[in-house]
Amino acid sequence: MQNCEIIDGKLYAAEVLERVKSKIGHLSTVICKTQRATLGLAVILVGTDAASQIYVNNKAKKAKEIGFNSEVYKFPQTATEQEIIECIERLNSDPNVNGILVQLPLPQHINTQKIIDTVNYEKDVDGFSTYNVGLLNSWQDSLEPCTPQGVLILLHEILGTNISGKKAVILGRSRIVGRPMASILIRKGCSVTSLNSNSYNIKDECRTADILISAVGSPSFIKGDWIKKGACVIDVGIVKVNDKLYGDVDFESVRKVAGFLTPVPGGVGPMTVSCLMLNTIKAAYKQYDIKW
118 MQNCEIIDGK
128 LYAAEVLERV
138 KSKIGHLSTV
148 ICKTQRATLG
158 LAVILVGTDA
168 ASQIYVNNKA
178 KKAKEIGFNS
188 EVYKFPQTAT
198 EQEIIECIER
208 LNSDPNVNGI
218 LVQLPLPQHI
228 NTQKIIDTVN
238 YEKDVDGFST
248 YNVGLLNSWQ
258 DSLEPCTPQG
268 VLILLHEILG
278 TNISGKKAVI
288 LGRSRIVGRP
298 MASILIRKGC
308 SVTSLNSNSY
318 NIKDECRTAD
328 ILISAVGSPS
338 FIKGDWIKKG
348 ACVIDVGIVK
358 VNDKLYGDVD
368 FESVRKVAGF
378 LTPVPGGVGP
388 MTVSCLMLNT
398 IKAAYKQYDI
408 KW
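Going by the working numbering, 216 is the number at position 99 of the sequence shown; the sequence numbering is gapless.
Spelled out as structure tokens, the structure:
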């Protein structure tokens, strides 16, 4: 049996949060010398989706724990685009708000991209705005989407900072994970193959991967015979079935072949939250024109 290292996302997320806390302390000291200000994250929640409420509460709680002022702006399911836009515009002009996050998904009557693009790109801590996506894809400094950023940190921790030349296969092409992940890994020098539900020979493609990243939301979809011996497998998918959480990866069969594997839960999820905090403090440094 292959000796597989199970990647502890909670451990690496805690390290990221410690770094963020130290940066909060440093920046708070600097700005308090010149002006009265606080560092803050604003989260916008529309509707009563149970999962979204849990995610928002967890994000707001974590932000307060590490030293951010965190506020949640709640709107009913029937809220209009204009009501949400007016709230975002107020937050854009508030110097005490360094990051703005719009919890997705939004109700169907709301134009999601229009709402996201209303957020000042310098406060767009999800990295989903058209402007930040453009910066990312042109390899300029930007606020990168949190999950791909967290995956990259995990890869650097377990494989080293030089992953250039490795073959990476990504399952899923969403704007939240798949597309930005591909752009980030191409920039890092990886040879990247992006797969989706219409792709041919998915299993064979996966077996060529040094790094396999899956974000399709299909429970236990990827089996052990899909994996190249010793590969690093990052499972981003998470689905609840009969009150139990599953990833895209069939954990028991894959761990017999892979060299590294993230669990679900406890793998990528904690990294996503920690990178949200990292983006917020990065945004604050840039807004105060202080070198990171």
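Cβ atoms here follow ideal geometry from the backbone N, Cα and C, with glycine treated the same way. Here the structure is a predicted model, which is why all the values come from computation and not from measurement.
Residue of V381, P382, M388 and F377 minimising C-alpha distance to N120: Comparing Cα-Cα distances from N120 to each of V381, P382, M388 and F377, the minimum goes to F377.
Pairwise C-alpha distance: T195 and T280: Here residue 280 is Ile; the residue named in the question, Thr, does not match the sequence. Rounded to the nearest angstrom, the two C-alpha atoms are 47 Å apart.
N-terminal and C-terminal residue of the alpha helix (DSSP H) that F192 is part of: No alpha helix (DSSP H) contains F192, which is instead part of the beta strand (DSSP E) from N186 to F192.
Cβ neighbours of S169 in the same chain (closer than 7 Å, five flanking residues each side left out): Non-local beta-carbon contacts of S169 in its own chain, meaning distances under 7 Å to residues more than five positions away in sequence, involve L162 and Q220 in chain order.
Cα-Cα separation, L302 to G383: Their Cα atoms are separated by approximately 23 Å.
Closer than 7 Å: P297 CB and nearest the ligand COA heavy atom: You won't find the ligand COA in this model; it holds no ligand whatsoever.
L128 classed as buried or exposed, judged by whether at least 16 other C-beta atoms fall within 10 angstroms: The residue is exposed, with fewer than 16 neighbouring Cβ atoms inside 10 Å.
Beta strand (DSSP E) segments (min. 3 residues) lying fully within the segment 200-258: Listed in chain order, the beta strand (DSSP E) elements of length 3 or more contained wholly in the segment 200-258 are 216-219.
Inter-residue Cα distance where the pair is V309 and L272: Straight-line Cα distance between these residues: approximately 15 Å.
Sufficient close CB pairs (3 or more, under 8 Å) joining the segment 225-239 to the segment 198-211: They touch, by the three-pair rule.
Given K283 as reference, the closest of K305, T264 and K399 once Cα atoms are compared: In terms of CA proximity to K283, K305 leads the group K305, T264 and K399.
Exposure label - V147; buried when at least 16 CB within 10 Å: When all chains shown are included, V147 counts as exposed.
Nearest-angstrom Cα separation, counted from K340 out to I141: Rounded to the nearest whole angstrom, the CA to CA distance from I141 to K340 is 43 Å.
Status (buried if at least 16 other CB within 10 Å, exposed otherwise) for G347: Residue burial is scored here from C-beta neighbours: G347 has fewer than 16 other C-beta atoms within 10 angstroms and is therefore classed as exposed.
D352 in three-state terms, based on DSSP: Correct three-state label for D352: strand.
Beta-carbon spacing of M394, L134 below 8 Å: With respect to L134, M394 sits close: the two C-beta atoms are nearer than 8 Å.
Spatial distance of K138 from C204 (CA atoms): Cα-Cα distance, rounded: 28 Å.
Residues near I227 in its chain [Cβ-Cβ closer than 6 Å; skip 5 each side]: Non-local C-beta neighbours of I227 in its own chain, meaning closer than 6 Å and more than five positions away in sequence, comprise E198, ordered along the chain.
Selected residue, minimal CA-CA separation from S291, among W343, K408 and P262: If we check each option's Cα against that of S291, P262 comes out closest.
Where the alpha helix (DSSP H) containing K178 begins and where it ends: Boundaries of the alpha helix (DSSP H) around K178: A167 to I183.
DSSP state of S139 mapped onto helix, strand, coil: In this structure, DSSP gives S139 a helical state, which the three-state scheme calls helix.
Own chain partners of K410 with C-beta closer than 7 Å, once the 5 adjacent residues on each side are dropped: Since the first residue of the chain shown is 118 and the last is 409, residue 410 is not available in this structure.
Residue burial classification, Y172 (beta-carbon count within 10 angstroms, cutoff 16): Buried, by the Cβ-count rule.
Residue burial classification, S316 (beta-carbon count within 10 angstroms, cutoff 16): The residue in question, S316, is exposed, as its Cβ has fewer than 16 Cβ neighbours within 10 Å.
Helix, strand or coil at Y317 [DSSP, three-state]: DSSP places Y317 in coil when its eight states are reduced to three.
Pair within 8 Å by beta-carbon distance, L156 and Y402: Y402 sits away from L156, with the two beta carbons spaced by 8 Å or more.
Cross-strand partners of A131 (DSSP beta bridge): DSSP lists no bridge partner for A131.
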